[in-house]
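Protein chains in written order, with our numbering: chain A, -17 to 203; chain B, 10 to 319; chain C, -8 to 656; chain D, 99 to 581.
To start, the structure itself, in C-alpha cells.
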Amino acid sequence: MNGPLVGQVINLLAALMLLIAFAMLAQRRLLRLIHLFALQGAVLTLNTLVVAATLAQSHLYFSVVLNLVLKVIVLPMILIRLVDRLDLRADAESVGNLPLIMLVAVVLVILSFNVALPISELAGTITRGTLGIAMASVLIAFLMMITRRKAVAQVIGFLAMENGLFFAATSATYGMPMVVELGIALDVLVGTFIFGIFFFQIRETFDSLDTRNLESLKDRE
Amino acid sequence: MLLQLIQGLLAAALAPLVLGWLNQCRAWLQNRTAPSLLQPYRVLRKLLRKEVVLAVNASWLFRLAPYIVFACMVLAGSIVPLIATDLPFALAADVIALVGLFALARVFMALAAMDVGTAFGSLGSRREMLIAALAEPALLMVFFTPALISQSTALTTIVDQFSNGALQLYPSMAFAAIAFVMVLLAENARIPVDNPSTHLELTMVHEAMILEYSGRHLALMDWAHALKLTVYMAIGIALFLPWGVAHPHEWLGLPLALVALAAKLALFGAGLALLETLAAKMRIFKVPEFLGMAFMLAVLGMLVHFLVEA
Amino acid sequence: MPLLDLILAVVVYWIALGAIGAALPLERAIHARVFFPISALGGLLLTTVGLAGLGNWPQAAVLGLGLPDLPFHVRVDPLSSFFLLLLGAAGTAVSVFSAEYFQRGGGGDIRLICLQYHVFLAAMTMVLVADDAYLFMVAWETMALASYFLVITDHRVAEIRRAGFIYLLVAHLGAIAILLAFGLLQIGQWEYTFEAMRNAVLSPGWAAAVFLLALVGFGAKAGFLPLHVWLPEAHPAAPSPVSALMSGVMLKTAIYGFLRVSFDLLQAQAWWWGVVALAVGLATAFYGAVFAAVQNDMKRLLAYSSIENIGIVLAGAGLALVFHAYGMNLLAALALAATLLHCLNHALFKTLLFLATGAVMHATQQRSLGKLGGLIRRMPWVAALALIGTLAIAGLPPLNGFVSEWLLFQSFLLSPGLPNSYLNMFIPIGTALLALVVALSGYVMVKFFGTVFLGLPREESLHEAHDVGLAGRIAMGWLALWCVLIGLAPVLVLRALDPVFQQLVGAGLRDSLAQSNWTFLTAVAPEHASYNPVVFLLVIVAVILLGAMALRRWFPSGRRRAATWDCGFGKLDARMQDTAEGYGQPIKQIFQAFLRLERHHPSPFDLHPRYHSRIEDPVWEALYAPVARAVRRLSGIVGVVQHGRIAIYLVYSFVTLLLLLALIL
Amino acid sequence: MTELLIILCLPLAGAALLGLRGERSWAGEANAAISLVTFLGTLALAARVVGQGPLVLLTQLFFVDAFNVFLVTLTAFVGFTTSLFSRVYMRVEQERGRLTGKRLRLYHGMYQMFMFTMFVALLTNNVGILWVAMEAATLATVLLVSLYRTPASVEAAWKYFILCGVGIAQALFGTILLYLAAERVLGAGGSALLWTHLFEVKDQLEPTVLGIAFVFLLVGYGTKVGLVPLHNWLPDAHAEGPTPISAVLSGLLLNVALYAVVRNKVLVDAALGTHLPGYLMMGFGLLSVLVAALFLFRQKDVKRMFAYSSIEHMGIATFAFGMGGPVAAFGGLLHMTAHSLTKSAIFFAVGHAAQKTGTQNMDEIRGLVHVSPAVGWGLMVGGIAILGMPPFGVFASEFVILTTAMRDHPWAAPILLLGLGIAFASVFTRLQAMVFGETTAKRLPHPPAMLPVFVHLVLVLILGLYIPPYLAAWYRQAAAMIG
C-alpha cells in the first residue's frame, strides 16, 4: 500500500483506540468491560501489524505475535475465568456522574495533544501523529482507575494503561528494543497473575471486591 | 600604722557613747528623763560578767557568729576615714567592699539566728535578709553619685576630693543624702523599719535574731550593733560632710579632726533621734515601698548629676 | 610533649577508661572505687595543662578523623586553656567524689554510668579544643547526648524521663541554631575551619545574624532567659556528681562557645550586641534569683541559682562587648576579667554545693528542704565545707565570689565613660539590678544553708545521717581550698589570665595590677578603687582571737546549756521552725508578678486541711506551649492528606503529573 | 566477569530452590548463606571496579561504574544482614503460628527474587531493563506485604500494587520518550537505550522531549522513592508487611529508585542545560522533609513512624542530588549509605520489640531496656543515629548537605532545619517512652539476633567519625560523575 493510504489507516486505527478508551471509561458492566479491553488489544495488534508490514520493521512482527497472544487471548481469558470463579458476571458498578468524567476526559485529550505536539514534530516515524492519541489513551485509562471502585475494574484500567503505553511506543519509535519488550510483556503477565491472587485474598478477607472497605489505614483522627 | 590602731579602738570605744547620746536625745524629745550617757557601757559590762546560757542544740556557728560580726564591724570602723584619710587600711577596701563586709556580718548573724531552730530566729533572719536585699541596690546607687563626681569609689579619695575642693553645691548629692539616710534607717533597724528596743514577736527584726544570745555573746552583738550604727553615720559624714578630717601628714590636725568628728556625730545623732520620734514603725510589707522610694531618689540624684553637673 | 598531645591523650584515656568500665562486669563497689579515682588523675593532668596553656603560644593540629575534605582541626589557645583549667579542676573533684557516691547505690547501672560519665568528660574537652565547625558540632552534641543518658539514669520515674526529653530537645534545637551560625560564617566558600572564619569579612547585617544565632544557640545550652526551662528540670534529675558537672562545667562550655564566636570569630563588631547580651544577662540573673528563692527542692534551688550566675556571666560578657566595640579595650579587659573569673568561681562553688547536696541526699535519702534540718551536728565536715561554698556563692568578701562580683561592679561603675549617653544612664540602673540579684543570692543561700544544716532535724530519719567519707572530704576540700585561694590572691589569678584578655580584647590588666603589691586588687588604678582580701582576713581573725583572749582574761564566766526560749508555752519541736516555703514567702509576696502561682487554700470544713502551692515557670506557658500547640495543629492539617481512599491517592499522582507538565511547557 | 555471574545467577537459583523448599528448618540458613556468597561476589566486583575503573560486560548489557558498584555492595550487605535477622524472626513468627509452611516458601523464594531484581536494576546498562527490573521488584514484594493475610495487610498490599503500578507505568512513558530522543541521535536498533551511549551523547539530545521525559520519569520513579505527593503507599506497606521486608524496602528499594532518578537526571541535566531537574528534585525533597516531619508528630504505630522517617530521609537525599555539585552529591551518597544501614538496624530492633510486646502500638511498648537490654539499647542508639545526632554518620551527611545548601541556596537551609527539628521532637518522645520506663512485657524464649543491629550501628558510627580513604575516593569518583 502506498504512503498516504497507510498513514490514513494508522490514523483510523488510532482514532478507534481512542473511541474504545472512551467506551471503557463509560462502561458499567464488568463483562462488557473485559470484551472492550480485548477489542482494544486487537486494534493495537492490528496497528502494529500494519506498521510492521508497510514500513519493513521486521522485529515488529515478533511483538505483533506477542501482543496478539498476550493482550487479545490470554489476558481476557484469565479475566473472564476469574470473573466466573468470583461469580461477578452480573456485577455492575455505578460510575460517578458520567458527564463530568467525560468532560474531564475531553480536557485530557486536548492537553495530551498540546503536550505531544512538540514531540511529534521530532519523531522520525510517520506514525508520529498518533503519539498524542496514545498519550490521551494512557491518561484516560488513568482517569478510569481513579473513578472505579471495583477492584477488577481498576485492574482492567491498569492493563488499558499498558495498552496505551505500548501504542505510544509503536507510534513514537516503532516499538522498543526486543529485550525490553519481552521484559514488559513478562511483567504484565506476571502482574495479572498476581492481581488474580489478590482478588481471592480480598474476597477471603472482605468477601466483596469493593475498594470502599480498603480504607482503614489512615492518619486522620 | 599606730594611727590606724588608734582609729580602730577609737571607733569601738566611741560606738556605745553615740548610742547613749542617741537614746538621750530620744528621751528628751519624748520628754522622758534620759538615761545617763554612759548607760550603754554599764549594760555591756554587766552582760560581759554574766554567765552564758546556750540553747541545747546550738552549734559552733552560734558561738562563733558574735565574734565574727564584732570583728567585721571593727574592721569597717578602721577603714572608714573617721579622723584621718591616709590610713593604711583605707586602701584595703572601697565602698563596694564595705557593703560586702556588712553583708558578711549580716549573713553570719542570720545563720546564727536560724541555728537555734526557733520560729523567732528564722523569722528575724528572713526579714533581715529581705530588707538587706532591697536596701543594697539603693545603697549602691547612693555611692554611685559621689563616685561619679570624684571618679573613684575609695572613700578616702572621695573625702579628699570633696573636702579640699572648692565649696560647691551638688544637688545630686542632696538626693543621695536623703536616700542614704533612709537606707541607714533600714539597715540599722531604726524606727520606721524596725524598733530596736521592742520584743514584740511580730514586729522585731534585729532583736529576733539575737534573742537566744546571752552573756558575753549578747554583749558583743549589742556592741557590734552600736558600732555598725556609728560606722554608717561615719560613712554618711565622710560622703556628705567631709570637712574637718585631718589631711595626710598633718599631726596637729588630729585633735581638731577629733573635735569635728564628735560635733558631727552629735549633730547626726540628734537628727536621727528627731526622725525616730516623728516616724512610726511601718508594716513589714511596706518596707519594699520605703526602700523603693530610697532607690528612686538615688537614681534621680545620679540622673541629675548627668543632666546638670556632668 | 606539646600541650595538644597531652590533651588528646587525656581524651583518649577517658574514653578508654569508659569503655573498659562498661565492658568489665565488676560489682558496684570495686567499680566505683577503681575507675573514678583514676579518671580524677586525668582531670588533674588537664588542670596542669590548662595552667601551662595560658602561658604559651596557641598550638594547632589536624587529626586524621572527620570528613574527607574537612578533617578534625584542634587548637589550644589561651581562651580554651582557661576553660580546660576550669574543666580539670571541677572534673577532678567530681571524679573523686563519685568514687564514693556511686559506691553505695545512687541508682542506675554502674557500668553504663561509668561509660557515659567518661564520654561526657571527653566530649567537653573536645568542645574546648575544636577548631572547625564539624568537630565542634560533633563534640557539642556528643556532650549533650552523654549528659542526656546520665540525666535519665533511673528512668523509671516519669518526671525524670520528661526532664531528659525536654533537655535533649532544647539542646538539639540550640545545636541547629549554632549550625546555622557557622553556616553563615563561611560566606560561600565551604570553608568551615575557625581559621577561615576569623578572617572572613561579613557585612554588618550577616554578622549581626550570626551573633544572634550564636546567642540563641549557646543560650539554649547555657540557660539564657527564654530557653532556660530545661535546666531546673534536668539538673536535679541527674545523680548529684553529674548535676555538679553539668551545672559547674557544661554551662561554661556554652559560655566558652559564646565568647569564641562573638569575640574571636566576629571580633565584636557592633556595640548593640553587647547591650542585647547585657539585657538578656541581667534578665536571666534576676529571673534565676527570684525563682531560686521560692524553691523548696534542694537541687532545683541550686539549678535556678546556676541560671542566675550564668546571667551575671552573660551580663559581664555583654559589657565587655560594649567596651570592646567602642575601642575602650582596658575596660573591656576588666569586664572580661570579671566574666572569666566568675565562670571559674561558679564552677568551683556550684560544684562544691552540688557535691554537698549529693552527700546529704546519700545520707538522708531526702531531697526536699521541708524534710531536712539540723545536719550540722550529724555531718560536721559537709556542713563546714558547704558553709565555705555558701559564703562564696553569696559573694561575701574574703572568698572568691566577692572578687568577681567586685570586678563586675567596678566595670559597671566605669561605664559612664562610654560615649553613648543613653548607655551612660541605663547601665548604672543595670548595676542596681545586679546589686539586687547579688543580695537575693545571699538570701537564697542563707535559706539553703539554714534549712538544710541548721535548726532542729525535721525528720526522725535524719538522726542516723552519717558524715561523708574520705573521698568526699578530699573532693570538697579541694574545691573549698580553690575558693579560698582565689578569694585571697585574685591578683595572681588575673596575672595568669592576662594572655586570654590580650587574645580576646587586645588589652590586659597586667600594668594596672602591677602598680601595687600582689595583695591589692585594683580595678583601673589604685586611687580609683582597691580591695585587699588579705587585710580583711587578717584583721577579722586578729580581732576574734584578741577579743576571745581578752574576754577570757578579764570577764571569765562559765557556760551552761539550757532549753531554748519558748515564750513559756511548753515543748518546742521541729515543726515550729520556719519551713523552706515560709522562708521564701516574702520574696513570693513581693515578686508575685513574675511567678505563676497556684495556691490551694483548705476550706474551713476540711477534715484534714492541707495547704499546698505550686510555682510554675511562666515562660513555659508563654513560649513552649504555643509552639507545641502550633505544631500539633499543623500536623493535624497535614494528617488529612493520608486518609485511606485509594482513588484520592491516584488523584494526587495525577495532579502532580499535570502540574509538572504545565510547569515544563 | 565471573563475579557478575555469581551476583546475578545465585539469587535466581536461590529463589528457585527456596521457592520449593522454603518451609524447611534450614531454609533460613540457606537464605543467609546465599546472601553471604552474593555479598562476597559484590566485594570482589567492587575491588575490581575500584582497581580498573568502569566495566561494560555481557555485550554492553551490564555496566558497572563507581556509582552503582557502591550501591550494589551496600544492597548485598544489607540483604545479607537482613537474612540473618529474618532467620530468627521468621522462626519466632512460625512458633506464634502467624505463618504456614506455604507462606514461608513464598517468603524465602520472593526474598531472593527481590535481591535478584535489585542487582539487575543496579547493574543493567539498558534503561528499559532498569524499568523492567523495578517493575519486577514491585511484583516480588507485593505478595510479601500481604503475607499475614490481615485485612490491613491486604489493603496495604493492594494500595502498594496499584499506586506503584501506575507510577511505574508513567516511568515507562518517560523511558519511551527518552528512547525517542536517543534514537534521533544514536540511530535505531538496540543501542539507543544503553546508558553508556546516552552518557556520551547526552548534550546533543533534544531538550523539550527530555524535559517531558524527565517529568514522567521523576513522577514514576518518585512514587517508588516515596516523595511526598506520591508517598501514600509507603507507610502502609512498611507497617503491615513482615519486618524483614520493611527493612529491605526501606533500606534498599528506596535507594535503587533514587539511583534510577539520579541516572536520568545526569542525562537530562546535560541536555537541558538549565538547572530545572535540580530545582524539581529540590522542591520534592523539601516538601517531603517538611510534610514527613509533620506526619511523624501524630503516629501511633512504630513501623509507620519509621516509614515516615524514611520518607523524610529520602527527601533529604533527593534534595542533595537536586542541588548538584560534587560536594552535595558526596553528601547524598553518604546519606543514602548511612540511612539504609541505620534504618535497617532500627527495623531489626523494632521487629524484636514488636515480637516481645506482641504489639506495634507505641503506647503499649514500654521499658524495653528492662526486658532485654540489647533490643532496648539497639533501638535507642539506632533512633539517636537516624535523628542525626552527631557521632553517627547520618549527622555527617546532613552536615555536608546543610552546609552546601547554606552556600548555594541559603533559603533552603532553615526549612530543612525546621523539618529536622520537628522530626527530632516527635520521634524522640516516643522513642524514649518505648525504651525507658516501667514495663509489663515478658521475656522471649530465645535470645534476639541483635548482632546485625550492632554491626550496622558500629559502621554508621565509624562513618560519622572517620571515613576510610578508599571509601572517600569511591564516593568522590561517583560524585564527580553525578555532579
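Yeah, the Cβ is synthetic: ideal placement off N, Cα and C, and Gly gets one too.
- Looking at the DSSP output, arginine 201 of chain D sits in no beta bridge, so it has no partner there.
- About 5 Å separates the beta carbons of arginine 402 of chain D and proline 333 of chain D, which is inside the 8 Å limit, making them a contact pair.
- For the segment 340 to 416 of chain D, the continuous alpha helix (DSSP H) assignments of 4+ residues that do not extend past its boundaries occur at 341 to 346, 352 to 370, 374 to 394, in sequence order.
- Residue D:Ala142 holds the alpha-carbon nearest to the alpha-carbon of threonine 100 of chain D among D:Ala142, D:Val354, D:Val283, D:Gly149.
- Residue burial annotation: methionine 211 of chain D is buried, with at least 16 other C-beta atoms found within 10 angstroms of its C-beta.
- The contact set of lysine 257 of chain D on chain C, defined by CB atoms closer than 8 Å, consists of Ile637, Tyr640 in chain order.
- For serine 644 of chain C, the number of other beta carbons within 10 angstroms of its own is at least 16, and it is reported as buried.
- Within the DSSP bridge table, the entry for leucine 120 of chain B names no partner.
- With a threshold of 7 Å between beta carbons, proline 327 of chain D makes contact with chain C.
- Residue range 69 to 88 is occupied by the alpha helix (DSSP H) that includes alanine 74 of chain B, with no beta strand (DSSP E) assigned at that position.
- Note on geometry: alpha-carbon atoms of isoleucine 581 of chain C and alanine 283 of chain C lie some 14 Å from one another.
- Arginine 194 of chain D: not part of any beta strand (DSSP E); DSSP gives it neither H nor E.
- The Cβ-Cβ distance between valine 85 of chain C and proline 232 of chain C falls below 7 Å.
- The alpha helix (DSSP H) runs of length 4 or more contained entirely in the segment 469 to 499 of chain C are, from start to end of the chain, 481 to 496.
- Taking 7 Å as the upper bound on Cβ-Cβ separation, chain D lies near residues Ala150, Ala151, Ala154, Thr155, Met158, Pro159, Val161, Val162, Gly165, Ile166, Asp169, Val172, Gly173, Ile176 of the segment 149 to 176 of chain A.
- Non-local beta-carbon contacts of alanine 144 of chain D in its own chain, meaning distances under 6 Å to residues more than five positions away in sequence, involve Val167, Thr171 in chain order.
- Taking C-beta atoms under 8 Å as the contact rule, leucine 398 of chain C and alanine 514 of chain C qualify, at a distance of about 7 Å.
- Under the criterion of beta carbons closer than 8 Å, leucine 284 of chain B and isoleucine 92 of chain B do not qualify as touching, at roughly 26 Å.
- At a cut-off of 7 Å between beta carbons, alanine 74 of chain B makes no contact with chain C.
- Fewer than three beta-carbon pairs drawn from the segment 487 to 498 of chain C and the segment 63 to 76 of chain B are found closer than 8 Å, and the two stretches are therefore not classed as touching.
- Taking all protein chains shown into account, lysine 200 of chain D has fewer than 16 neighbouring C-beta atoms within 10 Å of its C-beta and is therefore exposed.
- Judged by DSSP in its simplified three-state form, leucine -2 of chain A adopts helix.
- In the structure shown, histidine 295 of chain D adopts helical secondary structure according to DSSP, grouped into three states.
- The residues Pro152, in chain order, have a CB closer than 6 Å to that of aspartate 163 of chain D in the same chain once the five nearest residues on each side in sequence are set aside.
- Just measuring C-alpha positions, the residue of C:Ser521, C:Arg369, C:Ser406 sitting nearest histidine 454 of chain C is C:Arg369.
- About 5 Å separates the CB atoms of glycine 421 of chain C and leucine 273 of chain C; that is less than 8 Å, so the two are in contact.
- Residue pairing by DSSP places leucine 63 of chain B opposite C:Arg552 in a beta bridge.
- Proximity of methionine 59 of chain A to chain D, defined by a Cβ-Cβ separation below 7 Å, is not satisfied.
- By DSSP's assignment, glycine 57 of chain C forms a beta bridge with C:Pro62, D:Tyr564.
- Beta-carbon to beta-carbon, aspartate 123 of chain C and threonine 184 of chain C are separated by about 4 Å, close enough to satisfy the 8 Å threshold.
- Nearest C-alpha to glutamate 338 of chain D among D:Asp461, D:Phe552, D:Ala405: D:Ala405.
- Under the Cβ distance rule, glycine 630 of chain C counts among the residues neighbouring chain A, one pair being separated by less than 7 Å.
- Taking 8 Å as the upper bound for CB-CB distance, phenylalanine 214 of chain D and alanine 269 of chain D are not in contact here, some 20 Å apart.
- Taking a beta-carbon distance threshold of 7 Å, isoleucine 535 of chain C does not count as an interface residue toward chain D.
- Of all residues in the segment 269 to 293 of chain D, the ones placed with a Cβ closer than 7 Å to any Cβ belonging to chain A are Leu270, Phe271, Ile274, Leu275, Tyr277, Leu278, Glu281, Arg282, Gly288, Leu291, in chain order.
- The straight-line gap separating the alpha-carbon atoms of leucine 85 of chain A and arginine 130 of chain A is approximately 16 Å.
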